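Residue numbers (our numbering), protein chains in the order written: chain A, 1 to 280; chain B, 281 to 627; chain C, 628 to 1061.
Read the structure below first, then the notes.
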Amino acid sequence: MIGAVRSRWTIVVLYTSLTILALVWLVPVLSAAMTSALPLSQIREGWWNLSFADLTFGNFVRAWEQGLGQHVVNSFIITILSVALTLLTGSLAAYAFAQMSFRFKATTYFLLITTMIVPVQIILIPMLPWFRTLGLNGGPQEYLGIALVHTAFGAGWAIFMLGAFFSAIPKDLLEAASIDGAGWFGVFRRIALPLAIPGIVSFAIIDFVFVWNDLLLALTLLARDRQPITVGLANLQSPHLAQEDLVAAGSIMAILPPLLLFAALNRYYVRGLFAGATKG
Amino acid sequence: MAPQHATATRAPREKPSARRSSRRSRRLERYAPYLFITPLLVIFVGFYLYPALVTVLSSFFRWGLLRPWSPAEPERWNFVGLDNYGQTLTDASFWNATLNTAIWLVVFPLLVAGLSLLVSILIWYLARGGAVFRTMFILPMTISLAATGVIWSLIYNPDPQVGLLNAVLDKLGILGADWNVGPLEVHTGAWLSDPGVLHLGFADLRLTNLALVIPAFWAFTGFGVITLTAGLTSVSYELVEAAKVDGANTWQVARYVLIPALRAPLVVVGVVSVIFALRTFDIVFVMTGGGPAEDTMVLALLLWQQAFAFLDTPQAGLATAIAVLLSVVMIVAAYRYLRQLLTEKPG
Amino acid sequence: MSQRQRRLVTGIILAASVALIATACGGDDGGEAPPPGEASGEIRVVSNWTGSEGEAFQAVIDAFEDANPEVTVKIEQVPFDQTQSLLTQQFAAGSPPDVSVALPGIIRNFAEQDLLLDLSQEWDDWVQDGEYTDVLRQIASADGTAYAVYFKGNVNALVWYSPKQLDQLGIEVPATWDEFTAAMDKAKAEGVAPLAVGGKDGWPLTQWTDPIILRVAGAEAFNQLARGEIGWDDPRIVESFEVFAGLVEEYFPKQTLATGFIDATCARAKDRALFQNQGAFINLIVPAECDEALKPGEDFTFFLMPKFDDAMPDAQFVSGDLFIGARDTENEGATRALLTYLASAEAQEVWAKRGGYVAPNAKVSPEVYPDANDRKAAELWPKSADVPAGYDLDDWMGGEIQVKYKQALAQFVRDTDVEKFIATMTRVDTRAGG
């Protein structure tokens, strides 16, 4: 890559200003991380005065034991189930929209795309009675219930983003396979799906982050002991107690899984959003 | 993101078996697209379209969540026509929440667009290291707004021994300072309860809302940075060189070459942040719960409260009315964006 | 993949048809409860307590499990302000907690929808045995039927202070309203904050307004206001808020709305403020959350907020935590067993021994309380029906009025605009037909 600027002075200013900005940007996370690793007495004197001898994992252990552990497990169940369901149904549908023609295609596409814009509040209120009617309440089936809602709301993004990846596959390639006798599903599974893997990974990460971070749906639709870490964290903010140590440890527990995923697969995450950005 | 073609050769191997069943599969092929879209469509209809329809319909009835309105039980319907809308539109709490949401709608997209414009242009100028900086700005995007709210509550903690912001202000000697500039009143220190007011005559804008916008802005700017750096990849260095030969300085290059290239991505950032701002719930729920008083109440939280917390007056009907109004506003705001998405339709 | 997918589609279609049938049938899904009497199985109980109070409640539940080894109890802790929305959500979802903490406003609303276990028989026995009074029964009832048990009583309007600090400042324990304000004036002059108020959490503000209404307007007006028989524009109520406005302007800390309840409590405990007006539970919270070294009775104690007007009869401001049982519980036996246990002297003594607690059951002996503060608070609990008492106003009203009342109070603390406050509350609370 060739830089656009050659003057040394400008380069120094550029790097300095970006570095300062980026550091400021990381302060909140740093602040939470430090707070989570210190005993309450030390937090009360400012974490920035920390002595390294005081660093402890105790807050995490206590936060985990106080029920956040269960919430983390719930988060994983909900997120994995939702992402799997969205990928499964979304990639099939996205492929159809990208490579096939059928009746009412435009109308269906429009309806699905609206989920990208219409707020989740539009379904929130009648959802509880609806779950009850469907028998999706009062047991582990609640996990399936919320995953179905996440899938419905991810439908727009799924066909939009995955569709972009599927439509990038040359039509001749698919037709060649079709002429060789593979049925539509065979073409999809043996040719289109493998080719779209990078796109699917990108979408899976974005969807993972999205579902993991949901508060409103889980808060509204799930019983207490099936709620994810976001809700557990919000409840830990409970006004009745002074427990910055636990709250900070909880926030780190909530941040870590999507963050690690992002760190490991940063390229895919950015690429997915990049695709969304340039297409949009 | 060109797909790799290496895997494509695997397909023909299964030819014989495929041929045998070809007649059946050809008939099936007519239905193939429908089989492909049906799973998603069923979920979509069951968990989006139908509930959304119930929301819209139930907004014309009076009901509470403990006795939910149901399309199947007409004998329990309590039809009130447009009363829920009328009552909502004349409710002081609704307009207060609308005003606060409006603050979000104006300030949030401006902050996001402003900073991500600056950052993406700075990154574009860099010879190397751009990706590292970009990553640092994207990082908060993976953090849930609930966690963001918690983290920023720590930073805003009024005790200068605990809260970083007040510790810094304390060092600078301006903690607890009061400033009055014309209609603007600012107090430093109590960020989540009383940071100040902007008196506009017809309404008082509470600055507490800004204290909540900032964490959201922090979390969301990465999206703007990604979108705008993606937009800038289309700008060629030759164009910039040409402009420089013509005597343009760095600022003029940014102003006349880069920013025009970003018009479309900026619209995307703007629209998506408007949608984001209208939906705001998590940050407010976690940080202030809409308080103190109703200073930070936004529409999304108000309708949640009405549906779930106000049992004495069955107000789920009012809540659904707000949900419908909110959705209408959002569709209107994003209409052009939606149109654009549709013309980009694949296939 | 295709098989899984087929199974999924079948599942969804199945679910959809079940849904249609269920809708057509009107969604009747009354569970079959086992016959009462045999207490076994698992039940869920929702409570608000955390920290030291949470441990105390856990101890009570442990004792219950020891006595009923066949029953497992799962405690789900909910922030106080979210109790109402969580219960609405869970009852609406058709999977209510078997037992839940509830306040009178909630009890009435759920009872109206016929969602609660009828506890009339249990109450008949308790009143007959002298464990509870009829006044308490009314608080736990809706339309004459009892739906809740009393578990934790609380007396409020206790002004907590440190005897040492009072000595240092040369202040006597105030016995009249004038002495009360004079003491705070003196503290101000000495550079000590007169009051610690945790206004950020909303409810500590109502800890101020309730006793003031009770003292200025009187118990009769207080109870009429609670029941919607008079409006907020009643002159006695307006006068109460004028008195409150004076207190706020003179003595409330500037940071009231930025301070949480625990921070305020600890600020007082560390002598950074002279007084804190709160309930009896402070006795447990100060040593547990602020400083273990602080001894109840020696390092901190309380006096009852003085009467505003000496001519006014005595009236005690009380509140408390009640528990309800879900009518649709799948385990009525264990649910009733737990509710009965919570109301018993045996259960209440478990917490009473830990302090910061007032047992509502009259059979709990005063000897179980660990220190003088708790005994003094327990004595204030109305033991007979003829002591005029005001039950916590906003907890009594519940619902929208409660939420809006707390919001309006936060605004009031900021601008002390009585007229605006009364207008807001008149608009919100339309029960009196104003």
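Think of the CB as a built atom: it goes at the ideal place given N, C-alpha and C, for glycine as much as any other residue.
Predicted model only: the values in this text are computed from it and were never measured.
Residue from the options whose Cα sits closest to the Cα of residue i
| i | options | result |
| --- | --- | --- |
| Gly771 of chain C | C:Ala894, C:Gln704, C:Arg735 and C:Val726 | C:Arg735 |
| Leu901 of chain C | C:Ala809, C:Asp860, C:Ser747 and C:Gln792 | C:Gln792 |
| Pro997 of chain C | C:Lys1003, C:Arg981 and C:Tyr1018 | C:Arg981 |
| Ala719 of chain C | A:Ala63, A:Leu221, A:Ala84 and A:Ser82 | A:Leu221 |
| Lys524 of chain B | B:Leu512, B:Asn364, B:Val537 and B:Ser514 | B:Val537 |
| Ala938 of chain C | C:Lys701, C:Ala769, C:Val843 and C:Gly924 | C:Val843 |
| Leu508 of chain B | B:Gln620, B:Phe341, B:Gly394 and B:Trp357 | B:Gly394 |
| Met38 of chain A | A:Asp245, A:Arg267 and A:Leu265 | The sequence given here has Leu at residue 38 of chain A, not Met. The shortest C-alpha separation from Leu38 of chain A is found at A:Asp245. |
| Thr886 of chain C | C:Val824, C:Ala814 and C:Asp1019 | C:Val824 |
| Ile435 of chain B | A:Ala248, A:Asn213, A:Leu85 and A:Leu134 | A:Ala248 |
| Glu692 of chain C | C:Gln755, C:Leu921, C:Ser727 and C:Arg671 | C:Arg671 |
| Trp584 of chain B | A:Val270, A:Leu215, A:Phe262 and A:Gln237 | A:Leu215 |
| Val1030 of chain C | C:Ile733, C:Asn1000 and C:Thr883 | C:Ile733 |
| Ile80 of chain A | A:Tyr109, A:Pro258 and A:Leu273 | A:Pro258 |
Collapsed DSSP secondary structure at residue i in the structure displayed
| i | result |
| --- | --- |
| Arg671 of chain C | strand |
| Arg293 of chain B | For Arg293 of chain B, the predicted model reports a pLDDT of 44, less than 50, meaning its position is unreliable; a value from the coordinates is still stated below. Arg293 of chain B falls in the helix class under three-state DSSP. |
| Ala996 of chain C | For the sequence presented, residue 996 of chain C should be read as Tyr rather than Ala. It is coil, neither helix nor strand. |
| Val12 of chain A | helix |
| Val819 of chain C | coil |
| Thr772 of chain C | strand |
| Arg963 of chain C | helix |
| Ser75 of chain A | helix |
| Gln905 of chain C | strand |
| Pro727 of chain C | In the sequence under discussion, the amino acid at residue 727 of chain C is Ser, which differs from the Pro named in the question. Strand. |
| Thr623 of chain B | helix |
| Phe359 of chain B | strand |
| Val477 of chain B | strand |
| Arg408 of chain B | coil |
| Asp955 of chain C | coil |
| Leu18 of chain A | helix |
| Gly658 of chain C | Residue confidence for Gly658 of chain C is low, a pLDDT of 38 falling below 50, so the modelled location carries little weight; the figure read from the coordinates is stated next. It is coil, neither helix nor strand. |
| Ser7 of chain A | coil |
Residues near residue i by beta carbon distance below 6 Å, same chain, minus five either side
| i | result |
| --- | --- |
| Phe1039 of chain C | Phe1048 |
| Thr568 of chain B | Leu472 and Thr576 |
| Pro838 of chain C | Ala784, Met932 and Phe944 |
| Tyr617 of chain B | Val551 |
Nonlocal neighbours in the same chain, by C-beta distance under 7 Å from residue i, ignoring five residues either side
| i | result |
| --- | --- |
| Pro495 of chain B | Thr428, Gly429, Trp432 and Ile563 |
| Ala33 of chain A | Ile252 |
| Tyr777 of chain C | Tyr759, Leu763, Ala767, Gly947, Leu949, Ala970 and Pro987 |
| Ala499 of chain B | Pro420, Met421, Ile423, Leu425 and Thr428 |
| Gly678 of chain C | Ala915 and Glu916 |
Residue i - partner residues in DSSP beta bridges
| i | result |
| --- | --- |
| Gly780 of chain C | C:Gly947 and C:Val985 |
| Arg103 of chain A | The partner list for Arg103 of chain A (beta bridge, DSSP) is empty, contrary to what the question assumes. |
| Thr1099 of chain C | Beyond the ends of chain C as shown, which are 628 and 1061, falls residue 1099 of chain C; an answer cannot be given. |
| Trp459 of chain B | B:Val466 |
| Ile702 of chain C | C:Val672 |
| Ala923 of chain C | According to the sequence shown, residue 923 of chain C is Pro rather than Ala. In the DSSP output, where bridge partners are listed per residue, Pro923 of chain C has C:Phe927. |
| Gly1017 of chain C | C:Phe944 |
| Arg486 of chain B | B:Val477 |
| Arg347 of chain B | B:Gly344 |
| Ala900 of chain C | C:Ala820 |
| Leu612 of chain C | Absent from the structure is residue 612 of chain C, since the part of chain C shown begins at 628 and ends at 1061. |
8 Å Cβ cut-off: residues of chain E touching residue i
| i | result |
| --- | --- |
| Lys897 of chain C | Within the model displayed, chain E is absent; protein chains A, B and C are what it includes. |
Own chain residues within Cβ distance below 8 Å of residue i, not counting five before or after
| i | result |
| --- | --- |
| Ile454 of chain B | Thr468 |
Q | Contact set between the stretch 689 to 711 of chain C and chain B, restricted to residues whose Cβ is under 9 Å from the partner | A | Asp708, Gln709 and Gln711
Q) If you measure beta-carbon to beta-carbon, which residues of the stretch 129 to 163 of chain A are closer than 7 Å to chain C? A) Pro129, Phe131, Arg132, Thr133, Leu134, Gly135, Asn137 and Gly138
Q. Between the stretch 1009 to 1036 of chain C and chain A, which residues of the former have a C-beta closer than 8 Å to a C-beta of the latter?
A. none
(Q) By the 7 Å beta-carbon criterion, what residues does the stretch 560 to 592 of chain B contribute toward chain A? (A) Phe561, Asp562, Phe565, Val566, Ala580, Leu583 and Ala587
**Q.** Contact set between the stretch 212 to 236 of chain A and chain C, restricted to residues whose Cβ is under 7 Å from the partner
**A.** Thr220, Ala223, Arg224, Asp225 and Asn235
Q.
Residues of the stretch 470 to 494 of chain B in Cβ contact with chain C at a cutoff of 9 Å, in chain order, please.
A. Ala470, Trp471, Leu472, Ser473 and Asp474
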